[in-house]
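Colleague:
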Amino acid sequence: MSYREGRFWQPDVTVATVVVDGGRLLCVEERVQGRLVLNQPAGHLEPDETLLDAALRETREETGWDVRLTAFVGAYQWKAPETGRHYLRFAFAAEPLAHDPGRPLDEGIVRALWMTPSELRAAADRHRSPLVWQAVADHLAGRRHPLSLVSQLG
1 MSYREGRFWQ PDVTVATVVV DGGRLLCVEE RVQGRLVLNQ PAGHLEPDET
51 LLDAALRETR EETGWDVRLT AFVGAYQWKA PETGRHYLRF AFAAEPLAHD
101 PGRPLDEGIV RALWMTPSEL RAAADRHRSP LVWQAVADHL AGRRHPLSLV
151 SQLG
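For the sequence shown, UniProt numbering gives the first residue as 1, with consecutive numbering after it.
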């Protein structure tokens with residue numbers, strides 16, 4: 001049965017931040033299904049949370065960094081081949097403000113680390129998904145939109 005025939009379909013809505021400081025990107029190394037992968041600070045949108053608030057929260061929880069969102073980079077859709085799950089990711093550009101090195105990181109996060117774009121690109125086989133590099137590539141290409149483009153109703 002297809003969606004149009006009455007089957008309900010809902011993607012996982014996620015947020016990610018592309019945090020840049022001195023030409024380096026804030027990344028997380030996390031354990032997923034026994035594999036050590038690289039990602040931006042990213043995670044799921046929670047009920048009654050705005051996309052902007054989710055991006056700030058996930059960055060803090062996964063890295064210990066407080067950031068200021070500076071732009072909307074883009075929206076990305078991806079279907080994970082292993083699970084068939086559909087993801088709709090909203091990526092934001094951000095700049096670091098303050099770091100709390102004593103803050104415990106989310107479960108599964110091994111560490112936060114700063115990488116140059118070339119280091120991240122060279123580790124493509126360790127990216128959690130193709131969305132990791134796509135958001136960075138778009139950011140590096142100058143794709144930035146005003147945060148007001150992301151409406152927050154409610």
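Just so you know, even glycine gets a beta-carbon here, dropped at the ideal spot from N, CA and C.
A quick note: this is a predicted structure, and the numbers were derived from the prediction, not measured.
1) What's the C-alpha gap between Arg-35 and Thr-83?
2) Hey, how far is the Cα of Glu-107 from the Cα of Ser-148?
3) Comparing alpha-carbon positions, which option in Gln-10, Leu-25 and Arg-89 lies nearest Glu-119?
4) Which stretch, first to last residue, makes up the beta strand (DSSP E) that contains Val-73?
5) Give me the Cα-Cα distance between Thr-63 and Phe-72, rounded to the nearest whole angstrom.
6) Using three-state DSSP, classify Glu-61 as helix, strand or coil.
Modeller: This is what the structure holds:
1) Position 35 of the sequence shown, counted from the start, is the residue given in the question as residue 35. Position 83 of the sequence shown, counted from the start, is the residue given in the question as residue 83. Arg-35 and Thr-83: Cα-Cα distance of roughly 15 angstroms.
2) By 1-based counting over the sequence shown, the position of residue 107 is 107. By 1-based counting over the sequence shown, the position of residue 148 is 148. About 32 angstroms.
3) Reading the sequence shown from its first residue, position 119 is the one you call residue 119. The residue with the shortest Cα to Cα distance from Glu-119 is Leu-25.
4) Residue numbering aside, residue 73 sits at position 73 when the sequence shown is read from its first letter. Looking at the DSSP string, the run of the beta strand (DSSP E) that includes Val-73 is 65-79.
5) Here the question's residue 63 lines up with position 63 in the sequence shown. Here the question's residue 72 lines up with position 72 in the sequence shown. Roughly 20 angstroms separates the two Cα atoms.
6) Position 61 of the sequence shown, counting from 1, holds the residue named residue 61. In this structure, Glu-61 counts as helix in the three-state DSSP scheme.
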